[in-house]
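Here is the structure we will look at, set down as structure tokens.
Numbering (my numbering), first residue to last: 16 to 160.
Structural data, given as structure tokens:
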């Protein structure tokens with residue numbers, strides 16, 4: 016390397032250290048008034064351990080759907096006159112859950128199911144049975160008559 020070339024290189028280095036090399040940075044013109052964060056890398060979660068020790072089991076099985084049969088005077092009248100069983104059921108259960116639970120527990124198909132939520136917050140289900148099945152026999156089999 017020639018001495019002249021070395022001195023010009025040294026002069027350039029001196030100038031860079033005194034003045035700084037960031038001085039000529041050009042600002043990008045903004046075209047929008049709103050600032051949008053740039054999209055950065057988003058890694059998928061990779062946990063070191065499971066946050067729950069055991070997985071949750073299905074909380075609505077047929078035994079928890081049907082809580083208890085209702086055996087008030089009006090419920091007994093429904094059994095005798097309308098071929099209808101009356102049950103207190105879980106609030107989260109829908110008509111399909113109730114129909115499946117009655118089928119599994121008592122081997123009876125339900126013709127129609129009406130539900131309501133009582134003022135005390137408990138759901139009540141009227142389970143209408145088909146004409147060929149007697150609700151009185153099913154109630155005797157359950158054991159609340």
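A virtual CB, placed ideally from N, CA and C, is assigned to each residue, including glycine.
TODO: Given a cut-off of 8 Å, decide if residue 106 and residue 1 are closer than it, judged by their beta-carbon atoms.
DONE: Nothing in the structure corresponds to residue 1, since the chain is present only between 16 and 160.
TODO: Give every residue of the same chain whose Cβ lies closer than 6 Å to the Cβ of residue 119, excluding the five residues on either side of it in the sequence, and list them in chain order.
DONE: By one-based count along the chain shown, residue 119 stands at place 104. Cβ within range, chain order: 77.
TODO: Leaving aside the five residues before and after residue 160 along the sequence, list all residues of the same chain whose C-beta is less than 6 Å from its C-beta, in chain order.
DONE: Stepping through the chain shown from its first residue, residue 160 is reached at position 145. Only 154 meet the Cβ criterion.
Task: Euclidean distance between Cα positions of residue 162 and residue 65 - done: Past the boundaries of the shown model lies residue 162; the chain is included only from 16 to 160, so the question cannot be answered.
- [ ] Indicate the three-state DSSP secondary structure (helix, strand or coil) for residue 128 in the structure shown.
- [x] Taking the first residue of the chain shown as 1, we reach residue 128 at position 113. Strand, per DSSP.
- [ ] Leaving out five residues on either side along the sequence, give the residues of the same chain with a beta carbon under 6 Å from the beta carbon of residue 100.
- [x] Start at 1 with the first residue of the chain shown, and residue 100 comes out as number 85. If we look at residue 100 and ignore the five residues flanking it on each side, its Cβ neighbours are 142 and 150.
- [ ] Return the CA-CA distance between residue 113 and residue 61, expressed in angstroms with no decimal places.
- [x] Here residue 113 is taken as the residue at index 98 of the chain shown, counted from 1. Here residue 61 is taken as the residue at index 46 of the chain shown, counted from 1. Those two C-alpha atoms are separated by around 40 Å.
- [ ] Starting from the N-terminal side, write out each stretch of the alpha helix (DSSP H) that is 4 residues or longer and does not extend beyond the segment 34 to 115.
- [x] DSSP runs (the alpha helix (DSSP H)) wholly in the segment 34 to 115: 77 to 80 and 88 to 97.
Task: Rounded straight-line distance, which links the Cα of residue 32 to that of residue 22 - done: Locating residue 22 in the chain shown gives position 7, counting from the first residue. Locating residue 32 in the chain shown gives position 17, counting from the first residue. One alpha carbon belongs to residue 22, the other to residue 32, and they sit about 15 Å apart.
TODO: Can you give me the start and stop residues for the alpha helix (DSSP H) that residue 157 sits inside?
DONE: One-based indexing of the chain shown puts residue 157 at position 142. Start and end: 150 to 157.
Open item on the list: Using only the alpha-carbon positions, how far apart do residue 162 and residue 63 sit?
Closed with: For the chain, the structure presents residues 16 to 160; residue 162 sits outside this window and is missing.
Open item on the list: Can you check which of these residues, 30, 139 and 17, is closest to residue 130 by C-alpha distance?
Closed with: What you label residue 130 is simply residue 115 of the chain shown in a count that begins at 1. Taking only the C-alpha atoms, the option nearest residue 130 is 139.
Open item on the list: If I measure Cβ to Cβ from residue 86 and keep anything under 6 Å in the same chain, skipping five residues before and after, which residues do I get?
Closed with: Locating residue 86 in the chain shown gives position 71, counting from the first residue. Counting only Cβ-Cβ distances below 6 Å, and skipping sequence neighbours, we find 159.
- [ ] Count the other C-beta atoms from every protein chain shown that fall within 10 angstroms of the C-beta of residue 94, then say buried if there are 16 or more, exposed otherwise.
- [x] If you number the chain shown from 1, residue 94 lands on position 79. Classification of residue 94: buried, given that the 10 Å Cβ count is 16 or more.
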